[in-house]
Amino acid sequence: METVYSDPAAGFLLACVAGVLLALFYDVFRISRALLHPRRRSVFLQDLLFFSVSAVVTFLVSLATNSGILRFYLLAGEGLGMCAYFLTLGEITIRLARLLLRILRAVDTFWKRRIFSPVCQFFTRIFKQVGQKIQKSRECAQKSHSSQKKP
């Protein structure tokens, strides 16, 4: 069995950076879940993808630092990096995403109430008037047609 002595501090720092990057990757899913409200199956598949990517990243970090030997401090570094991100930049990211969501909903509401709804009402009135005129002309045509048939 080969003994590998690499710098544990550098490995720990690399694991912390990997943890921050994994947390960023997970924030993509958190934001998409807040915006889209996916079904349970989709959430399951997203989690499966995240954990698969996390396993590969953890393996690559252990490969880069200890020739593939997994050490506890690497896992602790990834966990610490994720916690540091979620408690600092993650909070800011989620708040910005919520603010963006509120802005998009306000724009959507404005669009529906101020622009789309009046246009729909306008066309509805026009089509009703056109429909009424068509109905009257049809009735007149039927009356004139029935009066021509009677001898």
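Using this note's numbering, the first residue of the sequence shown is number 2, and each one after it goes up by one. We put the beta carbon where it would ideally sit given N, CA and C, even for glycine.
Is residue i near the ligand HEM, with its Cβ less than 6 Å from a heavy atom?
i: Gly82; result: You won't find the ligand HEM in this model; it holds no ligand whatsoever.
Take residue i and list the residues in its own chain whose beta-carbon comes closer than 8 Å to its own, dropping the five residues that flank it on each side.
i: Met2; result: Since pLDDT at Met2 reaches only 46, below the 50 mark, its modelled position is unreliable, and no value is offered.
Start and end of the alpha helix (DSSP H) containing residue i?
i: Gly82; result: Phe73 to Leu88
i: Phe13; result: Pro9 to Leu37
Tell me whether residue i sits in a helix, a strand or coil according to DSSP, three-state version.
i: Arg40; result: coil
i: Ser145; result: helix
i: Gly91; result: helix
i: Ser118; result: helix
i: Ser68; result: coil
Within the same chain, show all residues whose beta-carbon is closer than 6 Å to that of residue i, passing over the 5 residues directly before and after it, in chain order.
i: Leu76; result: none
i: Val44; result: none
Quick test of your reading: residue i and residue j, contact by CB under 8 Å. State the CB separation rounded to the nearest angstrom.
i: Cys17; j: Leu81; result: 6 Å
i: Leu15; j: Val62; result: 6 Å
i: Leu102; j: Leu36; result: 6 Å
Looking at residue j and residue i, is the spacing between their C-beta atoms short of 7 Å?
i: Tyr74; j: Phe117; result: no
i: Ala19; j: Val54; result: no
i: Tyr86; j: Val29; result: no
i: Ala98; j: Ile32; result: yes
i: Tyr27; j: Phe51; result: yes
Near residue i, what residues of its chain come up, given a Cβ to Cβ distance below 7 Å and the 5 sequence neighbours on each side ignored?
i: Pro9; result: Tyr74
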